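Engineer: Here you go, one structure.
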Amino acid sequence: MCPSPAFYCLLIWFPFAQSASMHLTLGPGYSIYILETDGGQRTVGCIYKYTDKTKTIEGIRDRKGEECITISEDAYKAMKDGVTYLCPLGLCKGQICEASGLTLNCWKQNTAAATARQLGQGR
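Numbering (mature numbering (1 follows the signal peptide of the UniProt record, and there is no 0)), first residue to last: -19 to -1, 1 to 104.
Below is the structure:
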């Protein structure tokens, strides 16, 4: 028996301007949810947000055919750092992450450990 769908859904909000070992790098103010997987990092969904001090704008970039993870923010919030879950894989079609019927292991990266590695304090 599978846990509720919420437990499959992992989202982590990272600004793109930080290290590629934690998330994608696009530029200051841009962000998208990222998950670690056995096959490398995957974005959650196909929509990014741009935030400045006065507004937040949602948008898409041309990601047609790119792999994505089809999950919700609520499920991510229920997850523990470093715990492995089975996540649904999809392909971006515009702003929609269309499920492919495949799954892969995914987890929320422990941000404190990742930061320590960036600073040369961890492995």
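Even for Gly, the Cβ is constructed at its ideal location relative to N, Cα and C.
Computed from a predicted structure; not experimentally measured.
Within 10 Å of its beta-carbon, does Leu16 have 16 or more other beta-carbons around it, so buried, or fewer, so exposed?
Structural biologist: buried
Engineer: The alpha helix (DSSP H) with Lys58 in it runs from where to where?
Structural biologist: Glu54 to Ala59
Engineer: In terms of residue numbering, what span does the beta strand (DSSP E) encompassing Gly82 cover?
Structural biologist: Ile77 to Trp88
Engineer: If you compare alpha carbons, which of Leu83, Glu39 and Gly63 is closest to Tyr31?
Structural biologist: Nearest neighbour of Tyr31 by Cα position, chosen from Leu83, Glu39 and Gly63, turns out to be Glu39.
Engineer: What residues match up with Arg23 in a beta bridge as DSSP calls it?
Structural biologist: Leu16
Engineer: Taking DSSP as the reference, what is the three-state secondary structure of Thr65?
Structural biologist: strand
Engineer: Taking the beta strand (DSSP E) that Lys30 belongs to, which residues open and close that run?
Structural biologist: Ile28 to Thr32
Engineer: Using alpha carbons as the reference points, say which of Ile77, Ile52, Lys36 and Ile13 lies closest to Cys68.
Structural biologist: Among Ile77, Ile52, Lys36 and Ile13, the Cα nearest to that of Cys68 is on Ile52.
Engineer: Can the beta-carbon of Trp88 be found less than 8 Å from the beta-carbon of Gly71?
Structural biologist: For Trp88 and Gly71, no; Cβs fall outside 8 Å.
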